[in-house]
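Chains A and B are the protein sequences, given in the same order.
So for the first sequence, this note's numbering puts the first residue at 35; every next one is plus one.
So for the second sequence, this note's numbering puts the first residue at 2; every next one is plus one.
Ideal Cβ positions, reconstructed from N, Cα and C, are used throughout, including at glycine.
Structure first, then comments.
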Amino acid sequence: MKRLFYLLPLVLFMALAGYFLVALRPDHDIHELPSAMIAKPAPAFDLAGLESKQPLDLAALKGHPFVINFFASWCVPCRIEHPLLMRLAEQNHLPLYGIAYKDKPADSTRLLATFGDPYRQVGIDEDGRVGLNFGVYGVPETYVVDSTGVIRRRFVGPLTAETVDKDLLPLLKQLGRS
Amino acid sequence: MISRHGVRTWWLVALLLLVTLAAQAVEPSERLADPALEARARAISGELRCLVCQNESIDESGADLAHDIRIFVRERLTAGDTNAQAIQAVVNRYGQFVLLKPPVEPATYVLWYGPPLLLVVGLAGTLVWLKRRRPAAGESEPLSAEESRRLDGLMRGNDA
Numbered sequence: 035m036k037r038l039f040y041l042l043p044l045v046l047f048m049a050l051a052g053y054f055l056v057a058l059r060p061d062h063d064i065h066e067l068p069s070a071m072i073a074k075p076a077p078a079f080d081l082a083g084l085e086s087k088q089p090l091d092l093a094a095l096k097g098h099p100f101v102i103n104f105f106a107s108w109c110v111p112c113r114i115e116h117p118l119l120m121r122l123a124e125q126n127h128l129p130l131y132g133i134a135y136k137d138k139p140a141d142s143t144r145l146l147a148t149f150g151d152p153y154r155q156v157g158i159d160e161d162g163r164v165g166l167n168f169g170v171y172g173v174p175e176t177y178v179v180d181s182t183g184v185i186r187r188r189f190v191g192p193l194t195a196e197t198v199d200k201d202l203l204p205l206l207k208q209l210g211r212s
Numbered sequence: 002m003i004s005r006h007g008v009r010t011w012w013l014v015a016l017l018l019l020v021t022l023a024a025q026a027v028e029p030s031e032r033l034a035d036p037a038l039e040a041r042a043r044a045i046s047g048e049l050r051c052l053v054c055q056n057e058s059i060d061e062s063g064a065d066l067a068h069d070i071r072i073f074v075r076e077r078l079t080a081g082d083t084n085a086q087a088i089q090a091v092v093n094r095y096g097q098f099v100l101l102k103p104p105v106e107p108a109t110y111v112l113w114y115g116p117p118l119l120l121v122v123g124l125a126g127t128l129v130w131l132k133r134r135r136p137a138a139g140e141s142e143p144l145s146a147e148e149s150r151r152l153d154g155l156m157r158g159n160d161a
């Protein structure tokens, strides 16, 4: 019994080491925050459309699962994910809607004219209030919303082919079925 | 020669140099006209974490998002929210991570009570240890009559 007592420091160390192994694993970004909005209804918005196209209204999007991508012309990581979004748009896999976060409409327009427009519609969120309601703390952020308008998933930072294939598309498929 | 008045001025300057002002990021355009509301907004801002810098409050941070949240808090207060309601509105959007001081609740018991508990356990352990080793470390008591008789017997037994 007393012998076992001397093992206690080792046991404590192992527990701590185990915790660090999980918490500090290399593929895990410790700065990525969990979203408080998961499983909550997406905050209502009705944004003016870019280039005076039709407005982006949450109520009109409900009925099918869809994806909202917050982007900005000043956002460097957005350029990284842009070619991927273009590919997905060409394959027409993704009901993708854009929200231009804290960006001048003219700049957003120029960005989409230069690199292509992967979005079905784009809403202008110039003061970032819709972003704030979603809990956006940086761009790009991507939200998956189900057909009833409930947020199911958030992706922080640029999407990668891997997360799209393994995570986003299967989730959309599953949401589309139910 | 420096006048008495001049010496005092230099002391004041030296004193002022020692006093550093807390960093503030609140821009004049953000301030509310009502000083009472503004004071409440400042107090709330000091408790909310800037999610971009993560170790600064939104009151200190110059980040764009901190500016937006400061404005948001002020709008809520102007609309008649209590401090708690305004803070809750931000927590609803960004999660409890925005609170620089985490609330005491089951999920944070380890965080709040862990360190004092470890201290108590450590102190108790040290006390027990000290108590146990005292007889060995102190001067030995003289043998009782019974003990000397047993020792004598053992010694004699060994000699034989």
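{"Query": "Taking the alpha carbon of P218(A) as the reference point, which residue from A134(A), V56(A), H116(A), V45(A) has its own alpha carbon closest?", "Result": "Any answer about residue 218(A) is impossible in this case: the structure gives chain A only from 35 up to 212."}
{"Query": "Would you mind stating whether I74(B) and L49(B) have Cβ atoms separated by less than 9 Å?", "Result": "Ile is not the amino acid found at residue 74(B); the sequence shown has Val there. Yes, they are a contact pair."}
{"Query": "I'd like the ranges of any beta strand (DSSP E) spanning at least 3 consecutive residues and lying wholly in the stretch 72-106 of chain A.", "Result": "100-105"}
{"Query": "Looking at C-alpha atoms only, which residue of V129(B), I45(B), P36(B), K132(B) is the closest neighbour of N84(B)?", "Result": "I45(B)"}
{"Query": "Is there a C-beta anywhere in chain B that falls below 9 Å from the one on R163(A)?", "Result": "yes"}
{"Query": "So if DSSP puts V156(A) in a beta bridge, which residue, or which two residues, is it bridged to?", "Result": "G132(A)"}
{"Query": "Rounding to the nearest angstrom, what Cα-Cα distance links A73(A) and L146(A) in this structure?", "Result": "31 Å"}
{"Query": "Please name the residue, chosen from L166(A), F104(A), F149(A), that lies closest to R121(A) on a Cα-to-Cα basis.", "Result": "F149(A)"}
{"Query": "Less than 9 Å between the C-beta atoms of N93(B) and A76(A), yes or no?", "Result": "no"}
{"Query": "DSSP three-state label for Y171(A), please.", "Result": "coil"}
{"Query": "Within this structure, are the beta carbons of A82(A) and I158(A) separated by less than 9 Å?", "Result": "yes"}
{"Query": "Out of D199(A), L119(A), S107(A), Q125(A), which one is the CA nearest neighbour of T143(A)?", "Result": "S107(A)"}
{"Query": "Leaving out five residues on either side along the sequence, give the residues of the same chain with a beta carbon under 6 Å from the beta carbon of D65(B).", "Result": "none"}
{"Query": "Can you tell me where the alpha helix (DSSP H) with R75(B) in it begins and where it stops?", "Result": "65-79"}
{"Query": "Determine the closest residue to P29(B) out of L16(B), L18(B), D60(B), with distance taken between C-alpha atoms.", "Result": "D60(B)"}
{"Query": "Could you check whether the Cβ of Y110(B) sits closer than 9 Å to any Cβ belonging to chain A?", "Result": "no"}
{"Query": "What does DSSP give as the partner residue(s) for L49(B) in the beta ladder?", "Result": "L100(B)"}
{"Query": "Work out the CA separation of L124(B) and L119(A) for me, nearest whole Å.", "Result": "59 Å"}
{"Query": "Per DSSP, which residues does R188(A) bridge with? Please list them.", "Result": "Y177(A)"}
{"Query": "Excluding the 5 residues preceding and the 5 following L128(A) in the sequence, name in chain order all residues of the same chain whose CB lies nearer than 7 Å to its CB.", "Result": "V101, L122"}
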